[in-house]
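Comments concern the structure below.
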Amino acid sequence: MSEDRIHFSGRYLRLIERDSWEFVSRSNARAVVVLIAVTNRDELVLVEQLRKPVGASVIELPAGLVGDHADPDESIHQAAGRELEEETGFRAARLELLMECPSSAGLTDEIISFVRADGLERVG
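All residue numbers for the sequence shown refer to my numbering, where the first residue is 49 and numbers rise by one.
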């Protein structure tokens, strides 16, 4: 494996070339957490957010960065709880890591951690 060549380094992303393969890496976080939050009525909690890359509002699972500049030592479970409350106003009694996998292995080295959240209580 050859040495990485960084073509661009911005506030949030880096464009890297490794062995003639170009990919994107986050420069401001270690991972991403995605929440599968289920209410006591077995309803899946979704959020709507404007996403600049697609130029539209998107309905999606609550998600966020793990270990960003504000708290580089943050755990997956801490990030999951924080993001759930920030994005939905719910707090979970239980958080369970279900799986971890690449988000798009040909495009980025980003790893997504899927966390189930239940025992939800509205706090915000």
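Heads up, the beta-carbon is just placed ideally off N, CA and C, and yes, glycines get one too.
Please list, in chain order, all residues of the same chain as Asp116 whose beta carbon is under 7 Å from its beta carbon, the five residues on each side excluded. Counted from its first residue, the sequence shown places residue 116 at position 68. Same-chain partners within the cutoff: Asn76 and Ala77.
For Ile107: DSSP bridge partner residues: As a position in the sequence shown, residue 107 is number 59, starting the count at 1. Per DSSP, Glu96.
For Asp187, tell me which candidate among Ser123, Gly58 and Leu63 has the shortest Cα-Cα distance. Given that the chain is displayed from residue 49 to residue 172, the structure contains no residue 187 and the question cannot be resolved.
DSSP three-state call for Ala77: helix, strand or coil? If you number the sequence shown from 1, residue 77 lands on position 29. Note: Ala77 maps to coil in three-state DSSP.
Using a 10 Å radius around the Cβ and a threshold of 16 neighbouring Cβ atoms, would you call Gly58 buried or exposed? For this step, residue 58 is matched to residue 10 along the sequence shown. That one is exposed.
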